[in-house]
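Engineer:
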């Protein structure tokens with residue numbers, strides 16, 4: 092009997108020894124990035140700049156980077172700087188247009204411009220024309236109330252140097268010079284108004300992501316794991332995190348221990364934060380909203396439009412639903428996209444699972460979801476209405492922007508999924524959070540990003556915020572401070588209050604990013620656009636200012 096017990100104990104000891112040995116065999120890195128999109132690659136580049144000796148591993152579920160939300164076909168490619176997006180300038184209770192959110196978004200985009208300019212100088216990003224190009228941004232409205240709102244918005248924005256160069260007009264002849272396609276066939280008696288900004292850009296975030304990943308792969312202490320799905324995230328006794336993932340091609344399983352984990356997995360981030368078990372993740376739920384666009388690549392149509400023209404969102408509609416008629420270049424072709432039209436799927440990712448919504452629902456977040464569903468009933472109505480749209484309905488919506496549109500020139504394209512944030516709230520039970528939120532453990536050892544808008548446009552400042560949150564002591568060091576100011580000269584300052592600094596930043600980034608000379612910043616409000624013959628409009632060769 093004792094022999095059997097001893098044998099059993101020996102077997103148990105050996106098994107424990109083997110388990111311990113396997114644990115010791117786990118790869119160890121300083122940083123592990125989950126997701127191969129714009130957020131993770133941007134953070135990877137930031138960290139490589141600040142701590143080049145740190146080891147990093149990136150784990151991506153798909154067969155390549157930039158295949159989900161960062162893919163050009165899965166987003167609108169707008170360099171969001173609040174030049175045209177009306178939802179960033181809401182009216183207050185007194186009917187005044189408020190601009191703080193617009194200024195905040197624009198300030199963030201200036202950080203992105205500086206970050207990208209630095210990467211071009213360092214050879215990390217190649218030809219700027221491959222990822223950022225001039226495409227005027229416009230707001231376009233009709234109806235007395237909307238025209239009144241747009242004029243007030245234009246006047247309010249003149250207080251900020253960040254919006255210099257913007258023009259306003261209610262003259263159809265002026266607007267036709269800006270966007271001839273949108274004026275063809277339009278009722279001459281229709282009251283319309285538009286703003287036009289030469290500072291707008293079209294972005295290829297997929298290209299930035301691929302170039303960042305390619306650069307990181309040249310580093311000996313960086314490892315990219317593709318076709319690898321994270322299955323578990325657990326905290327080790329020493330405070331590091333064990334990330335277990337499976338290769339979807341051959342089924343092999345790998346474990347990596349990381350001092351810091353960043354979850355930049357888009358719609359997949361909520362599930363992974365929940366897997367980690369950090370209490371901060373219990374505050375959140377997610378609701379998926381997809382989007383589809385009408386697309387045309389007919390050259391006779393595409394060559395007549397060079398702008399991102401934003402309208403006004405329907406009441407109750409989410410920010411991502413603001414309709415816009417966009418010039419894009421995708422897969423080497425100039426195309427026009429119109430939308431988005433909201434779609435619904437229980438998937439959190441375009442390549443996700445139909446069980447995503449169900450499996451993300453917990454006893455902690457079901458009540459906030461219920462409260463938001465009741466409170467945000469107009470949003471529910473909006474989504475229901477969108478799901479019932481026919482092809483004719485979508486064409487009619489397009490005709491409000493392009494009156495001569497014909498069904499045979501357009502096809503419907505399903506773009507990416509976005510997960511709207513729902514957060515537990517003591518007073519309201521739950522609130523719908525617009526924008527992005529960094530969710531981090533109290534000790535800063537793991538963090539994730541939730542939310543959608545403005546997303547990729549502000550990846551650089553958002554990831555800088557991650558660094559400030561989880562590496563607070565490092566950020567305070569002279570070494571990091573010097574490097575941060577070198578990469579982003581305006582770091583730590585508010586450009587909005589200093590016209591001279593805005594002008595200097597614009598000139599610096601425009602030169603490196605090969606963008607047109609920025610407008611002169613005046614000290615007084617710019618006048619509305621004059622008569623049609625004097626209106627400033629895109630140059631004849633402006634069509635070349637496209638991402639290729």
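Numbering (our numbering), first residue to last: 92 to 639. Cβ atoms here follow ideal geometry from the backbone N, Cα and C, with glycine treated the same way. Bear in mind the structure is a predicted one, so any value in this text is a computation, not a measurement.
Within 10 angstroms of the Cβ of residue 170, are there 16 or more other Cβ atoms? Answer buried if so, exposed if not.
Structural biologist: Within the chain shown, the letter at position 79 stands for residue 170. So residue 170 ends up on the buried side.
Engineer: Answer yes if the stretch 533-550 comes into contact with the stretch 473-485, meaning at least three C-beta pairs across the two stretches below 8 Å, and no otherwise.
Structural biologist: no
Engineer: Are residue 545 and residue 448 closer than 9 Å when you measure CB to CB?
Structural biologist: The residue you call residue 545 lines up with position 454 of the chain shown. The residue you call residue 448 lines up with position 357 of the chain shown. No.
Engineer: Residue 578 and residue 593: beta carbons closer than 9 Å?
Structural biologist: Within the chain shown, numbered from 1, the residue matching residue 578 stands at position 487. Within the chain shown, numbered from 1, the residue matching residue 593 stands at position 502. Taking 9 Å as the Cβ cut-off, residue 578 and residue 593 do not qualify as a contacting pair.
Engineer: With residue 227 and residue 186 assumed to form a contact (beta carbons below 8 Å), what rounded beta-carbon distance in angstroms separates them?
Structural biologist: Here residue 227 refers to the residue found at position 136 of the chain shown. Here residue 186 refers to the residue found at position 95 of the chain shown. With 8 Å as the limit, residue 227 and residue 186 do not qualify as a contact, their Cβ atoms being about 28 Å apart.
Engineer: Counting pairs of beta carbons, one from the stretch 311-320 and one from the stretch 509-528, are three or more of them closer than 8 Å?
Structural biologist: no
Engineer: Where do the ends of the alpha helix (DSSP H) carrying residue 234 lie?
Structural biologist: Position 143 of the chain shown, counted from the start, is the residue given in the question as residue 234. It is not in any alpha helix (DSSP H) - residue 234 carries neither H nor E in the DSSP assignment.
Engineer: Assign residue 220 to one of three DSSP states: helix, strand, or coil.
Structural biologist: In the chain shown, counting from the first residue as 1, residue 220 sits at position 129. Note: residue 220 maps to helix in three-state DSSP.
Engineer: Starting from the C-beta of residue 217, find all residues in its chain whose C-beta is less than 7 Å away, skip the five residues before and the five after it, and write them out in chain order.
Structural biologist: Counting from one through the chain shown, the residue named residue 217 turns up at place 126. In its chain, beyond the 5 residues on either side, 302 have a beta carbon closer than 7 Å to the beta carbon of residue 217.
Engineer: With a cut-off of 8 Å on the beta carbons, I'd call residue 664 and residue 349 a contact; round off their distance for me.
Structural biologist: Residue 664 is absent from the model: the chain starts at 92 and stops at 639.
Engineer: Pull up the distance between the alpha-carbon of residue 562 and that of residue 574, whole angstroms please.
Structural biologist: Numbered from 1 along the chain shown, position 471 holds the residue referred to as residue 562. Numbered from 1 along the chain shown, position 483 holds the residue referred to as residue 574. So the alpha carbons of these two residues sit roughly 15 Å apart.
Engineer: Under 9 Å between the Cβ atoms of residue 296 and residue 537?
Structural biologist: Residue mapping note: residue 296 aligns to position 205 of the chain shown, counting from 1. Residue mapping note: residue 537 aligns to position 446 of the chain shown, counting from 1. The beta carbons of residue 296 and residue 537 sit no closer together than 9 Å.
Engineer: If residue 125 sits next to residue 363, beta carbons under 8 Å apart, how far is it from one beta carbon to the other, in whole angstroms?
Structural biologist: Taking the chain shown and counting its residues from 1, the one referred to as residue 125 is at position 34. Taking the chain shown and counting its residues from 1, the one referred to as residue 363 is at position 272. Sure, about 6 Å apart at Cβ, within 8 Å.
Engineer: What do you get for residue 576, buried or exposed, if any count of 16 or more other CB atoms within 10 angstroms of its CB means buried?
Structural biologist: For the purposes of this step, residue 576 is taken as residue 485 along the chain shown, with counting starting at 1. Exposed, since its Cβ has fewer than 16 Cβ neighbours within 10 Å.
Engineer: If you draw a straight line from the C-alpha of residue 203 to the C-alpha of residue 220, how long is it?
Structural biologist: Numbered from 1 along the chain shown, position 112 holds the residue referred to as residue 203. Numbered from 1 along the chain shown, position 129 holds the residue referred to as residue 220. Rounded to whole angstroms, residue 203 to residue 220 spans 16 Å at the Cα level.
Engineer: Among 341, 116, 388 and 180, whose alpha-carbon lies nearest the alpha-carbon of residue 426?
Structural biologist: As a working note, residue 426 is residue 335 in the chain shown. Closest option to residue 426, Cα to Cα, is 388.
Engineer: Can you round the beta-carbon distance between residue 164 and residue 506 to whole angstroms, since I take them to be within the 8 Å contact cut?
Structural biologist: The count along the chain shown starts at 1 and reaches residue 164 at position 73. The count along the chain shown starts at 1 and reaches residue 506 at position 415. With 8 Å as the limit, residue 164 and residue 506 qualify as a contact, their Cβ atoms being about 7 Å apart.
Engineer: Since I believe residue 242 is in contact with residue 259 (beta carbons under 8 Å), could you give me their beta-carbon distance rounded to a whole number of angstroms?
Structural biologist: Reading the chain shown from its first residue, position 168 is the one you call residue 259. Reading the chain shown from its first residue, position 151 is the one you call residue 242. Contact flag correct, Cβ pair sits at about 7 Å.
Engineer: Which residue or residues does DSSP assign as beta-bridge partners of residue 508?
Structural biologist: As a working note, residue 508 is residue 417 in the chain shown. Answer is 381, bridged to residue 508.
Engineer: Three-state secondary structure (DSSP) at residue 127?
Structural biologist: Mapped onto the chain shown, residue 127 falls at position 36. Note: residue 127 maps to coil in three-state DSSP.
Engineer: Residues in the same chain with beta-carbon distance under 7 Å from residue 239, minus the five sequence neighbours each way, listed in chain order, please.
Structural biologist: In the chain shown, the residue the question calls residue 239 occupies position 148. Counting only Cβ-Cβ distances below 7 Å, and skipping sequence neighbours, we find nothing.
Engineer: Per the contact definition of three or more C-beta pairs closer than 8 Å, is the stretch 366-379 in contact with the stretch 146-158?
Structural biologist: Output reads no: the stretch 366-379 does not touch the stretch 146-158.
Engineer: In the DSSP assignment, find the alpha helix (DSSP H) that holds residue 557 and state where it starts and stops.
Structural biologist: Stepping through the chain shown from its first residue, residue 557 is reached at position 466. Where residue 557 is concerned, the enclosing alpha helix (DSSP H) stretches over 550-561.
Engineer: Leaving out five residues before and five after residue 374 in sequence, what residues of the same chain have Cβ atoms less than 6 Å from its Cβ?
Structural biologist: Within the chain shown, numbered from 1, the residue matching residue 374 stands at position 283. So the qualifying residues of the chain are 514 and 515.
Engineer: Helix, strand or coil for residue 542? Go by DSSP, reduced to three states.
Structural biologist: By one-based count along the chain shown, residue 542 stands at place 451. Reduced to three states, the DSSP call for residue 542 is strand.
Engineer: To the nearest angstrom, how far is it from the Cα of residue 497 to the Cα of residue 555?
Structural biologist: Counting from 1 along the chain shown, the entry for residue 497 is found at position 406. Counting from 1 along the chain shown, the entry for residue 555 is found at position 464. Using only the alpha carbons, I get a separation of about 45 Å.
Engineer: Relative to the alpha-carbon of residue 360, which residue among 512, 436 and 421 has its alpha-carbon at the smallest distance?
Structural biologist: Sequence index remark: in the chain shown, residue 360 carries index 269 (1-based). Ranking 512, 436 and 421 by Cα distance to residue 360 puts 512 first.
Engineer: For the beta strand (DSSP E) containing residue 425, name the first residue and the last one.
Structural biologist: As a first step, residue 425 must be located in the chain shown, where it is residue number 334. Its beta strand (DSSP E) spans residues 424-434.
Engineer: Determine which residues share a DSSP beta bridge with residue 375 and list them.
Structural biologist: Residue numbering aside, residue 375 sits at position 284 when the chain shown is read from its first letter. Answer is 514.
Engineer: Can you tell me the Cα-Cα spacing of residue 566 and residue 209, whole angstroms?
Structural biologist: One-based indexing of the chain shown puts residue 566 at position 475. One-based indexing of the chain shown puts residue 209 at position 118. Cα-Cα distance, rounded: 19 Å.
Engineer: With DSSP as the reference, identify every bridge partner of residue 287, one or two as the case may be.
Structural biologist: Start at 1 with the first residue of the chain shown, and residue 287 comes out as number 196. Bridge partners of residue 287: 229 and 258.
Engineer: Determine the DSSP secondary structure at residue 531, reduced to helix, strand or coil.
Structural biologist: Along the chain shown, read from residue 1 onward, the residue named residue 531 stands at position 440. Correct three-state label for residue 531: strand.
Engineer: Which stretch, first to last residue, makes up the alpha helix (DSSP H) that contains residue 478?
Structural biologist: Mapped onto the chain shown, residue 478 falls at position 387. Unbroken alpha helix (DSSP H) run through residue 478: 468-478.
Engineer: Which of helix, strand or coil does DSSP assign to residue 394?
Structural biologist: Counting from 1 along the chain shown, the entry for residue 394 is found at position 303. Three-state DSSP puts residue 394 in coil, outside helix and strand.
Engineer: Between which residues of its own chain and residue 488 is the CB-CB distance below 6 Å, once the five residues before and five after are set aside?
Structural biologist: Taking the first residue of the chain shown as position 1, residue 488 is located at position 397. Excluding residues within five positions, none has a Cβ falling inside 6 Å.
Engineer: Taking just the CA atoms, how far does residue 168 sit from residue 646?
Structural biologist: Not covered by the structure: residue 646. The range shown for the chain is 92 to 639.
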